[in-house]
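Colleague: Supplied in structure tokens, the structure appears directly below.
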Amino acid sequence: MGITQILFWFLTALALGSALMVIFSKNPVHSVLWLIVTFFAISGHYILLNAQFLAIVNIIVYAGAIMVLFLFVVMLMNLNSELESQKGKWLKVAGAFSGGCLFIVIIAALKDSADMHQQVLLKSGDIGLIHNLGKALFENYVVPFELSSVLFLSAIVGTVVIGKKGD
Amino acid sequence: MSINNYIFLASALFSIGVIGVLTRRNAIIIFMCVELMLNAVNLLLVAFSKMHYLTASVIDHTTKAGTDGQIFVFFIMVVAAAEVSVGLAIIVMMYRNIHSVDVNFLNRLKH
């Protein structure tokens, strides 16, 4: 077992464990912090797949900007764990059961497909580097790139309109 | 590493997100679980792009196959950032109106 496989299994365990902690921790602040750990584990997976641009963007955008926004909102509202009314025990069991059923169905549907044992190229290949992605982004995907700036503008306007005090 | 490891990992993360949406009542945690599902899909897209690159690079050494998948991930992140800002503004507005972020109190449109 090489270092790559050890890293893969370590990052997998980290991502799954912290994702479980996100939904099991009672305090919302702890959930936010565990979700940041999950995003860092996913960024580690991106680096292992040699998609360094996406790894950095994931850390900056998700772990940096979005989760800080979540943390601000959670702390602004002063949420305590005992304020959250709990669902009934059977409702929780039913939710976990249906989620598990979804997992089993996805795995059972994909288990026998022909491409299931194809290899993924780890650690090499330069398509994930910024040189290639920047070229593709500004040659083939210029229109969606510009449209996303319009999307951001409308998101800014929408956030200010929704969030401002009074009506 | 074969692709099935990544499929198992991504579907497990996605299912954890679904379980979180179904079992929690805090609107912010539900929103975070949606982000988790988006990230599971992103991870799977990157893994498939590298798989596609490996099969294409056997034939042609200078291929750029798989670039599109990573561009898609980039655009998913862009849309997720815009979505989070608007969604959190809606949650703040909801907290201001009913002084709670419990989705249980939102089971009617008018009160």
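These protein sequences, in sequence, are chains F and V. Note that the working numbering has the first sequence beginning at 416, numbered continuously upward. Note that the working numbering has the second sequence beginning at 4, numbered continuously upward. Glycine included, C-beta positions come from ideal geometry on N, C-alpha and C. None of these values were measured; they are calculated from a predicted model.
List in chain order: all unbroken alpha helix (DSSP H) runs of 4+ residues lying wholly within the segment 501-582 of chain F.
Modeller: Listed in chain order, they are 504-525, 545-554 and 557-578.
Colleague: Using only alpha-carbon positions, find the residue among V/Ile-19, V/His-102 and V/Val-89 that is nearest to F/Leu-517.
Modeller: Within the first sequence, residue 517 of chain F is the residue found at index 102, counting from 1. The option with the nearest alpha carbon to F/Leu-517 is V/Ile-19.
Colleague: Taking F/Asp-530 as the query, report the chain V residues whose CB atoms sit under 7 Å from its CB, ordered along the chain.
Modeller: Position 115 of the first sequence, counted from the first residue, corresponds to residue 530 of chain F. Ile-6, listed in chain order.
Colleague: Considering only the beta carbon of each residue, do V/Met-4 and F/Phe-423 sit closer than 7 Å?
Modeller: Counted from its first residue, the second sequence places residue 4 of chain V at position 1. Counted from its first residue, the first sequence places residue 423 of chain F at position 8. The answer is yes: Cβ separation under 7 Å.
Colleague: With a cut-off of 8 Å on the beta carbons, I'd call F/Ile-457 and V/Leu-46 a contact; round off their distance for me.
Modeller: Along the first sequence, one-based indexing puts residue 457 of chain F at 42. Along the second sequence, one-based indexing puts residue 46 of chain V at 43. Indeed, because the Cβ distance is near 6 Å, the residues count as touching under 8 Å.
Colleague: Can you confirm whether the segment 476-491 of chain F touches the segment 446-454 of chain F when touching is taken to mean that 3 or more C-beta pairs between the two stretches lie within less than 8 Å?
Modeller: Short answer: they touch.
Colleague: Just to confirm the assignment, what range does the alpha helix (DSSP H) spanning F/Leu-435 have?
Modeller: Residue mapping note: residue 435 of chain F aligns to position 20 of the first sequence, counting from 1. Per DSSP, F/Leu-435 belongs to the alpha helix (DSSP H) from 418-439.
Colleague: Taking DSSP as the reference, what is the three-state secondary structure of V/Asn-29?
Modeller: Along the second sequence, read from residue 1 onward, the residue named residue 29 of chain V stands at position 26. It is a strand residue.
Colleague: Can you look up V/Asp-105 in the DSSP assignment and give me helix, strand or coil?
Modeller: Here residue 105 of chain V is taken as the residue at index 102 of the second sequence, counted from 1. In the structure shown, V/Asp-105 sits in a strand (DSSP, three-state: E or B).
Colleague: Closest Cβ-Cβ distance between V/Thr-21 and chain F: below 7 Å?
Modeller: One-based indexing of the second sequence puts residue 21 of chain V at position 18. According to the sequence as given, residue 21 of chain V is Val; it is not Thr. By this cut-off, V/Val-21 is an interface position.
Colleague: May I ask which residues mark the beginning and end of the alpha helix (DSSP H) holding F/Ala-456?
Modeller: Counting from 1 along the first sequence, the entry for residue 456 of chain F is found at position 41. Start and end: 443-463.
Colleague: Starting from V/Ser-88, follow its DSSP beta bridges and name the residues at the other end.
Modeller: On the second sequence, position 85 is the one that residue 88 of chain V refers to. According to DSSP, V/Ser-88 bridges with nothing at all.
Colleague: Could you please give me the residues that DSSP links to V/Ser-60 through a beta bridge?
Modeller: Numbered from its first residue, the second sequence carries residue 60 of chain V at position 57. The partner list for V/Ser-60 (beta bridge, DSSP) is empty, contrary to what the question assumes.
Colleague: Is the segment 545-562 of chain F in contact with the segment 429-444 of chain F, if contact means three or more CB pairs nearer than 8 Å?
Modeller: The answer is no - the segment 429-444 of chain F does not touch the segment 545-562 of chain F, with fewer than three Cβ pairs under 8 Å.
Colleague: Which of the residues in the segment 50-61 of chain V, read from start to end, lie with their CB under 8 Å from any CB of chain F?
Modeller: Those residues of the segment 50-61 of chain V that come within reach of chain F (Cβ to Cβ, closer than 8 Å) are Ala-50, Ser-52, Lys-53, Met-54, Tyr-56, Leu-57, Thr-58 and Ser-60.
Colleague: Residues of the segment 75-101 of chain V in Cβ contact with chain F at a cutoff of 9 Å, in chain order, please.
Modeller: The residues in question are Val-76, Phe-77, Phe-78, Met-80, Val-81, Val-82, Ala-83, Ala-84, Ala-85, Glu-86, Val-87, Ser-88, Val-89, Leu-91, Ala-92, Ile-93, Ile-94, Val-95, Met-96, Tyr-98 and Arg-99.
Colleague: Could you tell me whether the Cβ atoms of V/Ile-6 and V/Met-54 are closer together than 7 Å?
Modeller: Residue 6 of chain V sits at position 3 when you count from the first residue of the second sequence. Residue 54 of chain V sits at position 51 when you count from the first residue of the second sequence. A contact, by the Cβ cut-off of 7 Å.
Colleague: Measure from the C-beta of F/Ser-563 to each C-beta in chain V and report whether the shortest distance is under 7 Å.
Modeller: As a position in the first sequence, residue 563 of chain F is number 148, starting the count at 1. Interface residue, yes.
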